[in-house]
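Under my numbering, the sequence shown has 250 at position 242, and the numbering climbs by one with no breaks. C-beta atoms are modelled at their ideal positions from N, C-alpha and C, and glycine is treated no differently. Note sheet for the following structure.
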Amino acid sequence: MLQQVDLGHKSIEIYEPVIGTEKIDELRSIASKLKKLRLLYINSTPFGGGVAELLSAYLPLLRNLGIQADWRIIYGNSHFFSITKMFHNGLQGAKIKLTEGIKERYLGNIMENAKQLDLGEYDVVVINDPQPAALVAFSKMKAKWIWRAHIDMASPDLQIWQFLKPFIEQYSTAIFTMKEFIPKDLAIRTAIIPPAIDISNTKNMDLPPHLPRAIMLNSGVKVGHPVLLQVSRFDVFKDPYGVIETYRLVKKHLPKVQLVLVGTMAHDDPEAWQMYGQINQEAVSDPDMYVYTNQTSTGSLEVNAFQRGSDVVIQKSLKEGFGLVVSESLWKAKPVVAGRAGGIKLQMKEKLEDLLIDSTEEAAEKVVYLLKNPQMMHEYGDLGKKRVEQYFLMPRFIKEELQLISEIAGV
Numbered sequence: 009m010l011q012q013v014d015l016g017h018k019s020i021e022i023y024e025p026v027i028g029t030e031k032i033d034e035l036r037s038i039a040s041k042l043k044k045l046r047l048l049y050i051n052s053t054p055f056g057g058g059v060a061e062l063l064s065a066y067l068p069l070l071r072n073l074g075i076q077a078d079w080r081i082i083y084g085n086s087h088f089f090s091i092t093k094m095f096h097n098g099l100q101g102a103k104i105k106l107t108e109g110i111k112e113r114y115l116g117n118i119m120e121n122a123k124q125l126d127l128g129e130y131d132v133v134v135i136n137d138p139q140p141a142a143l144v145a146f147s148k149m150k151a152k153w154i155w156r157a158h159i160d161m162a163s164p165d166l167q168i169w170q171f172l173k174p175f176i177e178q179y180s181t182a183i184f185t186m187k188e189f190i191p192k193d194l195a196i197r198t199a200i201i202p203p204a205i206d207i208s209n210t211k212n213m214d215l216p217p218h219l220p221r222a223i224m225l226n227s228g229v230k231v232g233h234p235v236l237l238q239v240s241r242f243d244v245f246k247d248p249y250g251v252i253e254t255y256r257l258v259k260k261h262l263p264k265v266q267l268v269l270v271g272t273m274a275h276d277d278p279e280a281w282q283m284y285g286q287i288n289q290e291a292v293s294d295p296d297m298y299v300y301t302n303q304t305s306t307g308s309l310e311v312n313a314f315q316r317g318s319d320v321v322i323q324k325s326l327k328e329g330f331g332l333v334v335s336e337s338l339w340k341a342k343p344v345v346a347g348r349a350g351g352i353k354l355q356m357k358e359k360l361e362d363l364l365i366d367s368t369e370e371a372a373e374k375v376v377y378l379l380k381n382p383q384m385m386h387e388y389g390d391l392g393k394k395r396v397e398q399y400f401l402m403p404r405f406i407k408e409e410l411q412l413i414s415e416i417a418g419v
């Protein structure tokens, strides 16, 4: 059987002071109709990146609501995940050379995973992203199958899309973050459900005021000097090199500014290790630049502290499915300077759009403006927190997902 992820425990009641009793009761009512269903969620890694972050928050809350939900991950070696990373990049528009050998190796691994999947019995199966996408074609499980794309697929590489499209069209429904992400020729039912953050987890919970400062000091960051932060996978579409260039442009105006890059590493993303090595070399020669990862004792608590202790958060994505780190930082009332990409635009509406950028130079200009105008930093931070509270907390995501599952399962 595919490896099962331990879900731990969470309580939906922690949201009651934020969203109110009425909305909690509504969630319990919706969930009560689904208690006889068994739900299975599958992706490629239990940690690192937004999908694992989302599932680790969402699924324990489903169980707390009385729903039978499991989380399993597919297995594969580094070669398999190099292939799926190529698929991931290709679906976001990168030009890819797809050979018959690559197709055979991908499908061979998927078929082996499908054999393990058939040992379980579920009513609804939700597959996340391209890595396990072809499972639906090889599993004998009699269930309603849903595929969720967490990336921007508006302009996919045609070779990759033509290969994966016949598998994806075997699903009953495909979920996307925004309607703009849906490929124009996808011929199945689609739904739009943006992700959300969990304010009860270690990364987003409130911290004592002294703790962010203490953690940053212990990490070597000079507290009292301006700090810029980007938290992301080391991925070409997150543009970490553009962030470094932005920092260097800002430093010409504010010489004491510092840059902290926190990268999440996952076994399904072998490219990240190479990029991490290159970025780390940049930091070796710069005493004001710091690079940390979840493999070097920088976990969720430290990320929380860095987000709260930094002055400006950057998310200079070139492509972005959603970007949970944007909502995480906005929830902490921090101004976010971000690329005008995908789901970031969904999170940063109205006046927050002032901080969306299209170039490195524009990013540096916005950062310098904020650092020189502390009152505007607070104003944008307050606006961001209110927007996340209204639209991007986990109870909203649970409600929309369960309503869709109820409709698909006919209960």
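Item                                                                                                                                                                                           : Value
For Val376 and Ile190, what's the separation of their Cα atoms in angstroms?                                                                                                                   : 36 Å
Candidates Asp296, Arg404, Ala122, Ala182: which alpha carbon is nearest Ile159's?                                                                                                             : Ala182
Is it the case that the segment 127-145 contacts the segment 35-55, given that we only count it when at least three CB pairs across the two stretches are under 8 Å?                           : yes
Which residue comes first and which comes last in the alpha helix (DSSP H) that contains Phe171?                                                                                               : 166-176
Please determine, among Gly347, Gly74, Gln289, the residue with the shortest C-alpha to C-alpha distance to Ser367.                                                                            : Gly347
Which residues in the same chain have their Cβ closer than 7 Å to the Cβ of Glu120, if we skip the five residues on either side of it in sequence?                                             : none
Starting from the C-beta of Ile416, find all residues in its chain whose C-beta is less than 8 Å away, skip the five residues before and the five after it, and write them out in chain order. : Val132, Lys152, Ile154, Ser180, Thr181
Along the beta strand (DSSP E) that carries Asp78, what are the first and last residues, could you check?                                                                                      : 76-81
Since Glu373 and Ala349 should fall inside the 8 Å C-beta cutoff, what is the C-beta to C-beta distance between them, to a whole number of angstroms?                                          : Going by Cβ atoms, the distance from Glu373 to Ala349 rounds to 18 Å, so no, they are not a contact pair.
So the alpha helix (DSSP H) Gly58 belongs to, where does it begin and stop?                                                                                                                    : 58-72
Tell whether a beta-carbon distance below 8 Å holds between Arg71 and Leu15.                                                                                                                   : yes
Determine the DSSP secondary structure at Tyr399, reduced to helix, strand or coil.                                                                                                            : helix
Nearest to Ser163 by CA position, among Trp79, His96, Glu310, is which residue?                                                                                                                : His96
Rounded to whole angstroms, what is the Cα-Cα separation between Glu188 and Ile200?                                                                                                            : 10 Å
If you pair each beta-carbon of the segment 247-254 with each one of the segment 212-232, do three or more pairs fall below 8 Å?                                                               : no
Cutting at 7 Å between CB atoms, please list the residues of its own chain near Val345, excluding the five before and the five after it.                                                       : Val320, Ile322, Leu363, Ile365, Ala371, Lys374, Val375
Taking Gln303 as the reference, give the member of Ser414, Ile287, Ala274 with the closest Cα.                                                                                                 : Ala274
Anyone know if the C-beta pair for Met186 and Leu338 falls short of 8 Å?                                                                                                                       : no
Taking only the alpha-carbon atoms, compute the straight-line gap between Lys357 and Gly109 and give it to the nearest angstrom.                                                               : 44 Å
According to DSSP, is Ser240 part of a helix, a strand, or is it coil?                                                                                                                         : strand
Starting from Val133 and walking both ways along the beta strand (DSSP E), at which residues does that stretch end?                                                                            : 132-136
Give me, in chain order, the residues of the same chain whose beta-carbon lies closer than 6 Å to that of Asp296; leave out the 5 immediate sequence neighbours on both sides.                 : Gln266
What number of angstroms, rounded off, separates the C-alpha of Arg113 from the C-alpha of Ser64?                                                                                              : 29 Å
Assuming Ala199 is part of the alpha helix (DSSP H), what are its boundary residues?                                                                                                           : Element bounds for Ala199: not the alpha helix (DSSP H) but the beta strand (DSSP E), 197-200.
My output table needs one value for Ile190: the three-state DSSP class, helix, strand or coil.                                                                                                 : coil
Taking the alpha-carbon positions, what's the Phe330 to Ile352 distance?                                                                                                                       : 6 Å
What residue range is occupied by the uninterrupted alpha helix (DSSP H) comprising Ala224?                                                                                                    : A small correction: the amino acid at residue 224 is Met; Ala does not occupy that position in the sequence shown. Met224 -> alpha helix (DSSP H) spans 218-226.
Would you list the residues sitting across from Lys152 in a DSSP beta bridge?                                                                                                                  : Val132
Below 7 Å CB to CB, which residues in the same chain sit around Ala7 once its five sequence neighbours on both sides are set aside?                                                            : The first residue shown for the chain is 9 and the last is 419, placing residue 7 beyond what the model contains.
Give the range of the alpha helix (DSSP H) segment to which Met94 is assigned.                                                                                                                 : 86-99
Since Val302 is in the beta strand (DSSP E), which residue starts that stretch and which ends it?                                                                                              : Reading off the sequence, residue 302 comes out as Asn, not Val. From DSSP, Asn302 is part of no beta strand (DSSP E); its letter is neither H nor E.
Please report the residue range of the alpha helix (DSSP H) in which Ala182 lies.                                                                                                              : No alpha helix (DSSP H) contains Ala182, which is instead part of the beta strand (DSSP E) from 181-184.
Compute the Euclidean distance between the alpha carbons of Lys18 and Pro403, then round it to the nearest angstrom.                                                                           : 13 Å
Distance, Cα to Cα, Lys44 vs Glu129?                                                                                                                                                           : 13 Å
Is it the case that the CB of Pro54 approaches a heavy atom of the ligand FAD more closely than 7 Å?                                                                                           : Of the ligands one can find in the structure shown there are none, so the ligand FAD has no counterpart to examine.
In terms of residue numbering, what span does the beta strand (DSSP E) encompassing Tyr321 cover?                                                                                              : Just to set this straight, residue 321 is Val in the shown sequence, not Tyr. Val321 -> beta strand (DSSP E) spans 320-323.
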